[in-house]
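Worksheet: the structure to be examined is printed underneath.
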Amino acid sequence: NAGVTQTPKFQVLKTGQSMTLQCAQDMNHNSMYWYRQDPGMGLRLIYYSASEGTTDKGEVPNGYNVSRLNKREFSLRLESAAPSQTSVYFCASSQYKGSNQPQHFGDGTRLSIL
Amino acid sequence: GENVEQHPSTLSVQEGDSAVIKCTYSDSASNYFPWYKQELGKRPQLIIDIRSNVGEKKDQRIAVTLNKTAKHFSLHITETQPEDSAVYFCAAWDPTSTGNQFYFGTGTSLTVIP
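Chains as they are written, first to last, in this note's numbering: chain E, 1 to 114; chain Z, 115 to 228.
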């Protein structure tokens with residue numbers, strides 16, 4: 001089992017460009033999450049999907065949109081990239097949002113916006 | 115919402131010594147506390163976790179202690195080895211939060227000096 005798979009691993013964009021980060025999990029988890037990781041700030045939640053068909057905002061949702069395509073896949077879209085969105089993005093999944101079970105992370109996408 | 119503080123932000127120890135990282139949380143409703151290890155350029159990986167009905171948990175050289183009264187929990191690594199060098203994150207899970215439920219500390223960069 002691959003666990004949580006993210007694509008791409010690296011990306012460089014120009015300001016104003018758009019792109020979609022892809023995430024898929026093969027653990028039959030119900031809940032999926034997108035985080036960004038910036039130096040000295042830990043992991044901050046952008047959006048989450050408690051179950052297939054639902055999405056909700058996290059701590060830092062501005063400038064992003066998400067789609068829970070099916071139970072396995074959860075994508076993050078930057079419509080008009082800004083330099084402030086330069087970061088490392090992690091997708092994670094867990095069995096249920098409402099259960100105290102650990103989250104499992106992907107390898108991350110390193111995104112630079114010029 | 116919950117607030118998790120983690121100290122120290124950086125820690126250097128000699129190989130073979132012990133390392134202790136401490137986290138405090140603000141919401142007494144939080145009842146699950148995982149610890150993640152993140153090696154440079156890699157995904158955060160769960161190394162140990164503890165639930166609020168337990169005061170201490172050990173796994174070989176790693177242990178976590180929880181003081182619910184004081185609202186703090188700590189990661190203890192004994193007989194440190196160079197491969198323990200990484201960033202360590204604590205987290206607290208708050209079941210009463212309707213939105214984000216996992217709250218992460220800002221990380222501790224541990225360096226084990228051979």
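Think of the CB as a built atom: it goes at the ideal place given N, C-alpha and C, for glycine as much as any other residue.
These figures come from a predicted structure and were not determined experimentally.
As computed with DSSP, MET32/E is found in a beta bridge with SER49/E and SER93/E.
Of all residues in the segment 40-51 of chain E, those with a C-beta nearer than 9 Å to a C-beta of chain Z are GLY40, MET41, GLY42, LEU43, ARG44, LEU45 and TYR48, reading in chain order. Take the alpha-carbon of TYR48/E and the one of GLY213/Z: they are about 9 Å apart. Of all residues in the segment 213-224 of chain Z, only GLY213, ASN214, GLN215, PHE216, PHE218, GLY219, THR220 and GLY221 place a beta-carbon less than 7 Å from a beta-carbon of chain E. Under the 9 Å criterion on CB atoms, PHE74/E is classed as non-interfacial with respect to chain Z. Here the C-alpha atom of SER223/Z lies approximately 21 Å from the C-alpha atom of GLN103/E.
For the C-beta of LEU160/Z, the chain E residues within less than 7 Å are, from N- to C-terminus, PRO102. Residue burial is scored here from C-beta neighbours: TYR96/E has fewer than 16 other C-beta atoms within 10 angstroms and is therefore classed as exposed.
SER99/E has its alpha-carbon roughly 11 Å from the corresponding atom of ALA50/E. The segment 117-132 of chain Z and the segment 182-197 of chain Z touch, with three or more beta-carbon pairs separated by less than 8 Å.
Note on ALA92/E: 16 or more other CB atoms within 10 angstroms of its CB, so buried under the neighbour-count rule.
Rounded to the nearest whole angstrom, the CA to CA distance from VAL12/E to GLN6/E is 16 Å. Among the residues of chain E, those whose CB is under 8 Å from the CB of PRO209/Z are GLY98 and ASN100, following chain order. The contact set of LYS182/Z on chain E, defined by CB atoms closer than 7 Å, is empty, because the minimum CB distance reaches about 14 Å.
Your pair GLY63/E and LEU45/E does not check out as a contact, with CB atoms roughly 14 Å apart and the cut at 8 Å.
For PRO148/Z, the enclosing beta strand (DSSP E) starts and ends at 146-152. Residues of chain Z with a Cβ closer than 8 Å to the Cβ of PHE10/E do not exist; the shortest Cβ-Cβ separation is about 11 Å. For ARG110/E, the pairing in a beta bridge is given by DSSP as PHE10/E and VAL88/E. In chain order, ASP107, GLY108, THR109 and ARG110 place their CB closer than 8 Å to the CB of LYS9/E, counting only its own chain and leaving out the 5 sequence neighbours on each side. DSSP places ASP198/Z in the helix class (H, G or I) of the three-state scheme. As for any beta strand (DSSP E) of minimum length 3 sitting wholly inside the segment 149-193 of chain Z, the runs are 159-165, 170-173, 176-181 and 186-191, ordered along the chain. Membership of LYS136/Z in the beta strand (DSSP E) is indicated by the continuous run 133-139.
DSSP places LEU69/E outside any beta strand (DSSP E), giving it a letter other than H or E.
Take ALA200/Z, set aside five residues on each side of it, and the residues of its chain with a beta-carbon closer than 7 Å to its own are LYS151, GLN152, GLU153 and LEU224, in chain order.
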